[in-house]
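Participant: In my numbering, the protein residues as written are 18 to 186. Starting off with a structure, shown below.
In structure tokens:
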């Protein structure tokens, strides 16, 4: 896989000290928390019934932290726009290489991620978030044609990127 200079996730990249113009964290839905904890508690209760005595509480201690860790891990992606960069997770993109950006509504997300997806595109998709933004690049040195990013607030992201509010259907 050819990694470009503008869209490569770089752990050693210098962190920008600019204050974010736009910031969003891709949290999982709130209803996933009681569901995850309920499934872990049910599994722990099943194991509790088969282990009397001191070991009866061990399944709760071992299993209840797991859904908390898993849901926080799934929610780790942060999307930020600073004065000069679009930052998605560990990937950084200078704003000057963005030619345009459009909203991909939830109704068109399946096509954008399926038959219309360019294999060279940079994709950060979260299935629990309905809308996406397609950021088209204008950089001859970069083989990545566009970024496709999940966002709950596409109009605010486009405003932070300095792009007109357009829609793609």
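Even glycine gets a Cβ: it sits at the ideal position worked out from N, Cα and C.
#1: Should the stretch 130-142 be called in touch with the stretch 72-84, which here means at least 3 C-beta pairs below 8 Å?
#2: Distance check for residue 52 and residue 104, CA to CA, integer angstroms please.
#3: According to DSSP, what are the bridge partners of residue 41?
#4: Using 8 Å for Cβ pairs, my map puts residue 167 next to residue 66. What's the rounded Cβ distance?
#5: Could you give the residue range of the beta strand (DSSP E) that holds residue 167?
#6: Taking just the CA atoms, how far does residue 178 sit from residue 113?
#7: Distance check for residue 70 and residue 36, CA to CA, integer angstroms please.
#8: Using DSSP's beta-bridge definition, name the partner residues of residue 139.
#9: The beta strand (DSSP E) with residue 118 in it runs from where to where?
#10: Look at the alpha carbon of residue 150 and the alpha carbon of residue 54, and state the distance between them as a whole number of angstroms.
#11: Out of 130, 118 and 57, point me to the one whose CA is closest to residue 171's CA.
#12: Can you list, in chain order, the residues of its chain with a C-beta nearer than 6 Å to that of residue 106? Leave out the 5 residues immediately preceding and following it.
#13: Short check: CB of residue 40 to CB of residue 97, under 8 Å?
#14: Just curious, the alpha helix (DSSP H) that residue 78 is in, first and last residue?
#15: Could you check the C-alpha separation between residue 122 and residue 128 for me, to the nearest Å?
#16: Buried or exposed: which applies to residue 89, given that a residue is buried once 16 or more other Cβ atoms fall within 10 Å of its Cβ?
Facilitator: Judging by the given coordinates:
#1: no
#2: Within the chain shown, the letter at position 87 stands for residue 104. Within the chain shown, the letter at position 35 stands for residue 52. Spanning the two alpha carbons is a distance of roughly 31 Å.
#3: As a position in the chain shown, residue 41 is number 24, starting the count at 1. DSSP lists 96 as partners of residue 41.
#4: Numbered from 1 along the chain shown, position 150 holds the residue referred to as residue 167. Numbered from 1 along the chain shown, position 49 holds the residue referred to as residue 66. No, residue 167 and residue 66 are not in contact; Cβ-Cβ is about 41 Å, not under 8 Å.
#5: Locating residue 167 in the chain shown gives position 150, where the first residue counts as 1. Start and end: 163-167.
#6: In the chain shown, the residue the question calls residue 113 occupies position 96. In the chain shown, the residue the question calls residue 178 occupies position 161. If I take the Cα positions, the gap works out to 10 Å.
#7: Start at 1 with the first residue of the chain shown, and residue 36 comes out as number 19. Start at 1 with the first residue of the chain shown, and residue 70 comes out as number 53. Roughly 55 Å separates the two Cα atoms.
#8: By 1-based counting over the chain shown, the position of residue 139 is 122. Note: residue 139 sits in a beta bridge opposite 164.
#9: Here residue 118 corresponds to residue number 101 of the chain shown, with the count starting at 1. Where residue 118 is concerned, the enclosing beta strand (DSSP E) stretches over 115-121.
#10: Reading the chain shown from its first residue, position 133 is the one you call residue 150. Reading the chain shown from its first residue, position 37 is the one you call residue 54. Between residue 150 and residue 54, the C-alpha separation is close to 32 Å.
#11: Here residue 171 refers to the residue found at position 154 when the chain shown is read from its first residue. A check of alpha carbon separations from residue 171 across 130, 118 and 57 identifies 118 as the nearest.
#12: Here the question's residue 106 lines up with position 89 in the chain shown. Contacts found: 94.
#13: The count along the chain shown starts at 1 and reaches residue 40 at position 23. The count along the chain shown starts at 1 and reaches residue 97 at position 80. A contact, by the Cβ cut-off of 8 Å.
#14: Walking along the chain shown from the start, residue 78 turns up at place 61. 75-80 is the extent of the alpha helix (DSSP H) around residue 78.
#15: Residue mapping note: residue 122 aligns to position 105 of the chain shown, counting from 1. Residue mapping note: residue 128 aligns to position 111 of the chain shown, counting from 1. Between residue 122 and residue 128, the C-alpha separation is close to 11 Å.
#16: Within the chain shown, residue 89 is the residue found at index 72, counting from 1. Under this definition residue 89 is an exposed residue.
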